[in-house]
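Residue numbers (this note's numbering): 9 to 396.
Note that CB positions come from ideal geometry on N, CA and C, so glycine has one too.
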Ligand code: SOE
C-alpha cells in the first residue's frame, strides 16, 4: 500500500530546484517504492521568491520561517537547501521533531557542527542523508561495481579534480542570495567544502578512508564587495585547493579543486590505477567510463596485443540505474543523480539498510575537508582521524 511522504523544503535556490524535481519524479521511475513523496510546504526568507518557487514546483504551503515548517504535523521529511551556516540548526530541530532529514552537502560548516548533527539524528533515530549526488552517476556507480568485482586489484593511485571558473571576475560580489558560497561566514570554506568535498566523498566510497593530507590553498581575489553590507570586505574563502593524500589501503591520492580554471564550468574527473586495471571518469562525458583491464578477476592476463583503454557507454539495461530510463544507448543527465539518490534513500528506509551517505558517513568527508584546511594553514601533513 503506497504511503505519502510529505516533503518540507527549506530554501528555493539551485539545489532546491534540483531536489524538488527529483522528489516529484522518483515514484514514476521507481514505482516499486512504498513511499510517494508529495511536495507539501516550502519555507524561505524572501517571501515573494518562496511564493514563486512554490507555484512553479507545486508546493501546497509557503512560509518564511523554517521553524514553523518543522512544527507542522503534516511534514514527514525536511530537505535542507540553504547556505551551510544554517544546516546545523535546522537539522537538529528537524530531528528533534521526529522528521526525516535530507541535507545538502557539505554536511556542516566544520567537523564540530557535523558531530552535533550526527548525534541529533542518531538520538532521534530518524532516517538521514547528505546529498552527495555524484555517487549516483551510473558510470561512477559502475566504477564501484568493477572495483567490488576485483577488476582493479591493489590500488596504487587515486586522482580527482573539480574545476570551475565562475568566480574569476574581481568585481563579482560576495554574500547574499546566489553568492553566499563566496562568503566564509555563510559557507564555512570555499572550494574545499563546495567542490573538493564531492571528490572526497566519491574517493572514500570508491577507495576507502583517507588517513592523512597535506594541502595548499589560495585566495586569488583578496577583497570583494559584500552584497548585504555594500562594503568592500576581505575574502575569507579558499578559491583553489590542491591536496596530496594517503589512503588507509596504501594508495596515494592527488586532488585539485578551483573556481579559477578559465574555460572549465564543471570539469569533475577521477582516475584510479590499480595492479590489475585502471578506471577513469569525466563529468563532461558522463555517459562513459574508461576501463583498462590488465588482468581479469580469475587471474588470466589480457592478451598483450588486445590490451588498451576500453570506453564503456554506460547506457545499457545491465548498468546501474539504467534499466529505469530509456532504451540502451539513450543518455540521462545531472538531474537523474538526484532521483537515484532519493530512490536509494527510500529503499534504504523500506528495507532497513540505510542508503549512503548518512550524516555519519558525510562527517568523515567533513573531517578530511577540515584536515585539508588545517594542513594548508600549518603547511604540514595532518591526520584526518578517519578510520575504516
Ligand atoms: C558550485 O558551483 C556547485 O553548484 C556546487 O555547489 C555543487 O555542489 C556542484 O555539484 C556543482 O557546483
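* Along the chain, where does the alpha helix (DSSP H) that runs through residue 122 open and close? -> 119–132
* Mind checking who residue 335 pairs with in its DSSP beta bridge? => DSSP, once it has assigned bridges, lists no residue as partnering residue 335.
* If you check the beta carbons only, do residue 11 and residue 40 fall under 7 Å apart? -> no
* Going by DSSP, what residues sit across from residue 277 in a beta bridge? -> 169 and 290
* Using a Cβ-Cβ cut-off of 7 Å (strictly less than) and excluding sequence neighbours within five positions of residue 375, which residues of its own chain qualify? -> 119, 392, 393 and 394
* Residues in its own chain within less than 7 Å of residue 339 by CB, not counting five upstream and five downstream? -> 295 and 323
* To do: Name the two residues that bound the continuous alpha helix (DSSP H) containing residue 146.
  => 146–156
* **7 Å Cβ cutoff met for residue 14 and residue 73** => no
* Nonlocal neighbours in the same chain, by C-beta distance under 6 Å from residue 126, ignoring five residues either side -> 367, 368 and 371
* To do: Return the CA-CA distance between residue 159 and residue 257, expressed in angstroms with no decimal places.
  => C-alpha separation (whole angstroms): 16 Å.
* **Secondary structure of residue 352, DSSP reduced to three states** => helix
* Asked: Contact check, residue 377 vs residue 200 under 8 Å by CB: the rounded distance?
  -> 5 Å
* Verify the CB distance criterion: does residue 74 have a CB-CB separation below 7 Å to chain C? => Within the model displayed, chain C is absent; a lone protein chain is all it includes.
* Asked: Where does residue 14 sit, in a helix, a strand or coil, going by DSSP?
  -> Residue 14 carries a strand assignment under DSSP once its states are collapsed to helix, strand and coil.
* Asked: Among 380, 35, 330 and 197, which residue has its Cα nearest to the Cα of residue 321?
  -> 330
* Ranges of the beta strand (DSSP E) found wholly within the region 208–236, counting only runs of at least 3 -> 218–226 and 231–233
* Tell me residue 182's beta-bridge partners as DSSP assigns them. => 234
* In chain order, which continuous runs of the alpha helix (DSSP H) of length 4 or greater are located wholly inside the region 51–92? -> 55–65 and 74–79
* Hey, residue 34 and residue 350: beta-carbon distance below 7 Å or not? -> Yes, the Cβ-Cβ distance between residue 34 and residue 350 is below 7 Å.
* To do: Would you mind sorting residue 117 into buried or exposed? The rule is 16 or more other CB atoms within 10 Å of its CB.
  => Here residue 117 is buried: its Cβ has 16 or more other Cβ atoms, across all protein chains shown, within 10 Å.
* **Coil, strand or helix - residue 38 by DSSP** => coil
* **Chain-order list of residues whose beta-carbon lies under 7 Å from that of residue 53 (same chain, five-residue window excluded)** => 72
* Is any heavy atom in ligand 1 found nearer than 6 Å to the beta carbon of residue 82? -> no
* Count the other CB atoms, across all protein chains shown, that sit within 10 Å of the CB of residue 237; report buried if there are 16 or more and exposed otherwise. => exposed
* Minimum C-alpha distance to residue 235 - residue among 59, 185 and 65 -> It is 185.
* Among 282, 91, 56 and 16, which one has its Cα closest to the Cα of residue 76? -> 16
* To do: Report the three-state DSSP secondary structure of residue 330 (helix, strand or coil).
  => helix
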